[in-house]
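Residue numbers (our numbering), protein chains in the order written: chain F, 129 to 286; chain E, 1243 to 1688; chain X, 679 to 949. Below is one structure, written out as structure tokens; comments come after it.
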Amino acid sequence: MNLSKILKNGFLVIVASLVLTACATQKKIGQTQGDVYTGTDSVEYLASGVKDRVFFATNETVLTTASRETLRKQAAWLRKNSKITIVLEGHADERGTREYNLAIGERRANSAKDYLMTYGISSDRISVLSYGKERPVDSGSSPLAWSKNRRSVSVKAN
Amino acid sequence: MLFRYLFILLILLPLKAFALIEVDITRGNLNPLPVAVSPLSIDEKSKSNFKKILKKEDLGSEISAIVENNLRQSGLFNPLNKNAFLQKPDIANLKPRFEDWNLIKAQALITGKVTFVDEKLRVEFRLWDVLAGKEMMALAFTTVPSNWRRVGHIITDKVYERLTGENGYFDTRIIYVSEEGSKTNRIKKLAIMDQDGFNNKYLTLGNELVLTPRFSPTNQMVTYLSYFRNLPRVYLLDIETGMQEVVGDFPGMTFAPRFSPDGKKIIMSFAKDGNSDIYTMDLENRIVERITNHPSIDTSPSYSPNGKYITFNSDRSGYQQIYVMNSSGKNVKRISFGNGIYGTPVWSPRGDLIAFTKLHKGKFYIGVMRTDGTGERLLTENYYQEAPSWSPNGRVLIFYRETKTNSKGEGFSAKLWSIDLTGYNEKMVNTETDASDPSWSSLLTN
Amino acid sequence: MNRNITISFGLHALLVIITAMSLPFLAKKPIDLPPIVSVELIQISDKTNIPFAPKAKKIIEKVKEKEKKKKIVSEQAPPKMVKKEKQDAIPLPDEKIEKIKEIKEEKQNPEKVETEIKQVSEFEKKDLFDPNSIAALIDKSKVETALTREKTDKITQDQDKNIDFGGLSLSEEDALKAQIFGCWSIPLGLPYNENLLVRIKLQLKPDGSIMRSEILDHARMNKPGQGFYKVLAESALRAIKLCQPLRVPTTGYERWKELQLNFDAREMLEG
């Protein structure tokens, strides 16, 4: 009698907690924080755990805390693989004029480059290329799509 | 008693002194002027000659059709239906019966004659004031038969000038970027066409990304941005020979190029270490001159037609705004102060206005303002549009628009549009592919 | 014992139900933040007002609405596709267009040379007086007299020179103005900031048709740099021609047989 009671209660508790945890996993997909994309959709990896890109807010070229963390990991990976050179590709969303977007893409890529350099990566290993709004990764017309396009991507050059 | 008579006289006298009545007419209508464009008369021999060379059945009608279309597209004229014309083209050209033309409510009449002479195309045309019953203009010129479309455009320019007091803009070309493919995989090529959409030709193959082409003042060269070998740089292209050459030897991205009004320099932005400044390069001696030196982004430079000033886009105040400075770079003054973000400033060929793109509360506007920043007028609003370019008479703006995509990322399109300075006659410019970054040439005839 | 189990089960079930009901709140869609742009409120209409006179604006708006329905699109015959592999050099027209020259004077156009100088003369040539129509008008006028008789002793607003009894009444003036507004197609190419006044003196017949017209500043028509003035003057002349017979009062011919119309395009062009 006691055993079956325990089992029944235990089973109910497990069901309840499963139900609770199931809700919890839906939260993190496709999010922005303060207009900066924080999701993982479209993000690729240079190495295990090393994301290849950082994101920016509208009209901004400053690095967020999350961006700096990503870049620190990139720097560490680059120090380990000292022969690798990269191209930092800067991009902008489509909600701006074309020429200014080229300039802002260049500035974003340089923000990332400057940060990498403070972690000891020589500027010889990093070149910068801006695509402005010409190479969106998400063709949608929504703030979420635009946030994914405002990025600086580190691409292996060799 | 005498007094009374005098008094009456005094009162009556003024009655006789009628002064000239003046009536002030301060308003009229803005209706397009009804004009009759008679097909140009052509003799049988010339007709068959041109048919052989150009494969056109009736060159006289073909040329008048160009004039008619141009006038209609301008929004200022209403070409009347040819089926209502009573007089035949050859007679109308010699002596129009104005009552006939009056009957169909034409206020102006265009007639002419086309002949094949010495292997060349000779055109004479006349513009008549139907109401006054007199000839307003008569011109003749000769050219090679393959220029027959330009003949129609030149006639339109002359007629337009005579009737509006404005220079025309019909014998011109437009250079633009042709776009194809999905939004994430766009193929872009430089393309050029007549202002009415005919004679479209591609100038590059689409192997590398090309952007923002602009004509030289003589319309022989184009400057643009190319990502050849993944290095974004400003290039020059000779339209006739197809030869391309990079402008200068810059150690970083150059972009946003334009010619100076005398055609001797290229002005552009050069980006280095996160900063974009404006530079010029003399095409003859290759001397590079730095014009702005500021940690902000300075781009989209455009000269005033007299070459003395430059308007440009800078975010030195925090957001994109429009500035004007001397061509030496001194005396920088901000001129945009409205609410929103301003970009792509471009100086009118008339020197009186600067056109721009504005973004405010998620909407894009094409507008104009005086060169001191006053008198801002927004002409059109859209989900996305930018990059106005002026017609050579400073009356019409051409720009481009993009559409939204649906939830699947489909349905994207980019097209050229034009609008009159008054905000009137907004219409799409037809291109065979999607299009963006248009730039208008000056008049091909000088 | 069973009672305890029941209570326990019920409480657990309640927990599950509460959890299930609160799920919709947790599974909210991510908030789409709008892009950050400056947020000050402005009246867009203040900025977009085309500087035309109010009436012109209404006309433009009406025509604009018509345009929206029409969808004007440029015509274009599809050009041939370029199939070559190599880059195609674009040939400019081989020869530039040769001289554009004025047509030499031909016999039937003796007026062409004189057009520039004598504007008034054309109007004298044409026979505008049609006796038959006068008779018709006289009959009509009897009917209209009752309707159009107004106070004739009012001073009209724009005529300081006029003495009480010599001017047109407000409504007479308005009627004439309204008529000419409809006939005058203003060329839009005129400069915004120049003097755009054309004064035309008319001598009228009793039926409102024009006997003689004279442009008061017609020397200006040929001044260099004033080409637009000629265009403007011609448009005013066309308006008058189009509007014949003018809407003149039915009585008091002596008053208005000489009339001066001051065409001023400034209000329309700069608002």
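Note that the Cβ used here is the ideal one computed from N, Cα and C, for glycine as well. Only a predicted model underlies this, so the values are computations on that prediction, with no experimental measurement involved.
Cut-off 8 Å between Cβ atoms - residues of its own chain near residue 1458 of chain E, not counting five sequence neighbours on either side = By one-based count along the second sequence, residue 1458 of chain E stands at place 216. Excluding sequence neighbours, residue 1458 of chain E sits near 1464, 1465, 1501 and 1505.
At 8 Å on the CB atoms, spell out the chain E contacts of residue 919 of chain X, in chain order.
-> Indexing the third sequence from 1 puts residue 919 of chain X at position 241. Those are 1373 and 1374, listed as they occur along chain E.
Cβ distance (whole Å) where residue 215 of chain F is taken to contact residue 273 of chain F below 8 Å = Reading the first sequence from its first residue, position 87 is the one you call residue 215 of chain F. Reading the first sequence from its first residue, position 145 is the one you call residue 273 of chain F. In fact, because the Cβ distance is near 24 Å, the residues do not count as touching under 8 Å.
What does DSSP give as the partner residues of residue 1377 of chain E in its beta bridges?
-> To locate residue 1377 of chain E, count along the second sequence from 1; it is residue 135. Answer by DSSP bridge pairing, in chain order: E:1370.
Below 8 Å, can you find three or more Cβ-Cβ pairs linking the segment 1556 to 1565 of chain E to the segment 1533 to 1542 of chain E?
-> Short answer: they touch.
When the Cα of residue 1396 of chain E is compared with those of E:1368, E:1514 and E:1490, which residue comes out closest?
-> For the purposes of this step, residue 1396 of chain E is taken as residue 154 along the second sequence, with counting starting at 1. Answer by Cα proximity: E:1368.
Within its chain, find whatever has a CB closer than 6 Å to the CB of residue 1486 of chain E; leave out the 5 residues flanking it on each side and keep chain order.
-> For this step, residue 1486 of chain E is matched to residue 244 along the second sequence. Result list for residue 1486 of chain E: 1477 and 1479, in chain order.
Report all residues from its chain with a CB closer than 7 Å to the CB of residue 1679 of chain E; omit the five preceding and five following residues, and keep chain order.
-> Position 437 of the second sequence, counting from 1, holds the residue named residue 1679 of chain E. The answer, listed in chain order, is 1418, 1419, 1453, 1454, 1455, 1629 and 1642.
Decide if residue 228 of chain F is buried, meaning its Cβ has at least 16 other Cβ atoms within 10 Å, or exposed.
-> For the purposes of this step, residue 228 of chain F is taken as the residue at position 100 of the first sequence. Classification for residue 228 of chain F: buried.
Does any residue of chain X bring its CB to less than 8 Å from the CB of residue 1548 of chain E?
-> Against the second sequence, residue 1548 of chain E aligns to sequence position 306. For residue 1548 of chain E, the answer is no, since every Cβ of chain X falls outside 8 Å of its Cβ.
Separation of residue 1435 of chain E from residue 1444 of chain E, as counted between CA atoms = Residue 1444 of chain E sits at position 202 when you count from the first residue of the second sequence. Residue 1435 of chain E sits at position 193 when you count from the first residue of the second sequence. Residue 1444 of chain E and residue 1435 of chain E: Cα-Cα distance of roughly 9 Å.
Residue-level contact to chain F via CB, residue 684 of chain X, 8 Å cutoff = Taking the first residue of the third sequence as 1, we reach residue 684 of chain X at position 6. Under the 8 Å criterion on CB atoms, residue 684 of chain X is classed as non-interfacial with respect to chain F.
Nonlocal neighbours in the same chain, by C-beta distance under 6 Å from residue 1364 of chain E, ignoring five residues either side | Start at 1 with the first residue of the second sequence, and residue 1364 of chain E comes out as number 122. Correct list, in chain order: 1357 and 1384.
What's the gap between the Cα of residue 135 of chain F and the Cα of residue 696 of chain X?
-> Sequence index remark: in the first sequence, residue 135 of chain F carries index 7 (1-based). Sequence index remark: in the third sequence, residue 696 of chain X carries index 18 (1-based). Cα to Cα, the separation comes out at about 22 Å.
Please report the residue range of the beta strand (DSSP E) in which residue 202 of chain F lies.
-> Here residue 202 of chain F corresponds to residue number 74 of the first sequence, with the count starting at 1. Note, residue 202 of chain F: premise wrong, no beta strand (DSSP E); alpha helix (DSSP H) at 193 to 208.
By DSSP, does residue 1413 of chain E sit in helix, in strand, or in coil?
-> To locate residue 1413 of chain E, count along the second sequence from 1; it is residue 171. Residue 1413 of chain E falls in the coil class under three-state DSSP.
Give a yes or no on whether 8 Å exceeds the smallest Cβ distance from residue 839 of chain X to chain F.
-> On the third sequence, position 161 is the one that residue 839 of chain X refers to. Residue confidence for residue 839 of chain X is low, a pLDDT of 40 falling below 50, so the modelled location carries little weight and cannot support an answer.
Anyone know if the C-beta pair for residue 295 of chain F and residue 263 of chain F falls short of 8 Å?
-> This structure does not reach residue 295 of chain F, given that chain F is present from 129 up to 286, and the question cannot be answered.
Is there a Cβ from chain E that is less than 8 Å from the Cβ of residue 882 of chain X?
-> Here residue 882 of chain X refers to the residue found at position 204 of the third sequence. Not one chain E Cβ lies under 8 Å of residue 882 of chain X.
Taking C-beta to C-beta, are residue 1721 of chain E and residue 1411 of chain E nearer than 8 Å?
-> Only positions 1243 to 1688 of chain E appear in the structure, and residue 1721 of chain E is not among them; the question remains open.
Continuous beta strand (DSSP E) stretch holding residue 857 of chain X: start and end | In the third sequence, counting from the first residue as 1, residue 857 of chain X sits at position 179. Where residue 857 of chain X is concerned, there is no enclosing beta strand (DSSP E), although the alpha helix (DSSP H) it sits in stretches over 848 to 861.
Can you name the start and end residues of the beta strand (DSSP E) that residue 241 of chain F belongs to?
-> Here the question's residue 241 of chain F lines up with position 113 in the first sequence. Unbroken run through residue 241 of chain F is the alpha helix (DSSP H), 226 to 246; no beta strand (DSSP E).
Check distances from the C-beta atoms of the segment 853 to 876 of chain X to those of chain E and list, in chain order, the residues that come in under 7 Å.
-> 854, 855, 858, 859, 860, 862, 863, 864, 865, 866, 867 and 868
The segment 893 to 909 of chain X: positions lying closer than 7 Å to chain A by Cβ = The question asks about chain A, but that chain is absent: this structure's protein chains are F, E and X.
If you draw a straight line from the alpha carbon of residue 108 of chain F to that of residue 218 of chain F, how long is it in whole angstroms?
-> Coverage of chain F is limited to positions 129 through 286, which leaves residue 108 of chain F absent and any answer about it impossible.
For residue 1332 of chain E, which option in E:1404, E:1407, E:1310 and E:1279 has the closest C-alpha, if you only look at C-alpha atoms?
-> The residue given as residue 1332 of chain E occupies position 90 in the second sequence. Considering only E:1404, E:1407, E:1310 and E:1279, the residue with the shortest C-alpha distance to residue 1332 of chain E is E:1279.
So what does DSSP say about residue 685 of chain X, is it helix, strand or coil?
-> Against the third sequence, residue 685 of chain X aligns to sequence position 7. Helix.
Would you please verify whether the beta carbon of residue 692 of chain X is less than 8 Å from any beta carbon of chain F?
-> By 1-based counting over the third sequence, the position of residue 692 of chain X is 14. Answer no: the Cβ-Cβ gap between residue 692 of chain X and chain F never drops below 8 Å.
Helix, strand or coil: which one does DSSP assign to residue 1545 of chain E?
-> As a working note, residue 1545 of chain E is residue 303 in the second sequence. Here residue 1545 of chain E sits in strand by DSSP.
Candidates F:232, F:173, F:142 and F:206: which alpha carbon is nearest residue 247 of chain F's?
-> Working through the first sequence from its first residue, we reach residue 247 of chain F at position 119. Comparing Cα positions, the closest option is F:206.
Return the bridge partner residues of residue 1589 of chain E from the DSSP annotation.
-> Start at 1 with the first residue of the second sequence, and residue 1589 of chain E comes out as number 347. Bridge partners of residue 1589 of chain E: E:1596.
Mind checking whether residue 174 of chain F and residue 244 of chain F have CB atoms under 8 Å apart?
-> Residue mapping note: residue 174 of chain F aligns to position 46 of the first sequence, counting from 1. Residue mapping note: residue 244 of chain F aligns to position 116 of the first sequence, counting from 1. Cβ atoms of residue 174 of chain F and residue 244 of chain F: not closer than 8 Å.
Own chain partners of residue 1492 of chain E with C-beta closer than 6 Å, once the 5 adjacent residues on each side are dropped | For the purposes of this step, residue 1492 of chain E is taken as residue 250 along the second sequence, with counting starting at 1. Excluding residues within five positions, the ones whose Cβ falls inside 6 Å are 1512.
Could you work out which residue in E:1324, E:1336 and E:1334 is closest to residue 1346 of chain E when comparing CA atoms only?
-> Start at 1 with the first residue of the second sequence, and residue 1346 of chain E comes out as number 104. Of the candidates E:1324, E:1336 and E:1334, the one whose C-alpha sits nearest the C-alpha of residue 1346 of chain E is E:1324.
Could you name the residues of the same chain whose beta carbon sits closer than 7 Å to that of residue 1338 of chain E, not counting the 5 residues immediately before and after it, in chain order?
-> Here residue 1338 of chain E refers to the residue found at position 96 of the second sequence. Excluding sequence neighbours, residue 1338 of chain E sits near 1329, 1351, 1353 and 1370.
Distance, residue 141 of chain F Cα to residue 684 of chain X Cα | Working through the third sequence from its first residue, we reach residue 684 of chain X at position 6. Working through the first sequence from its first residue, we reach residue 141 of chain F at position 13. Between residue 684 of chain X and residue 141 of chain F, the C-alpha separation is close to 15 Å.
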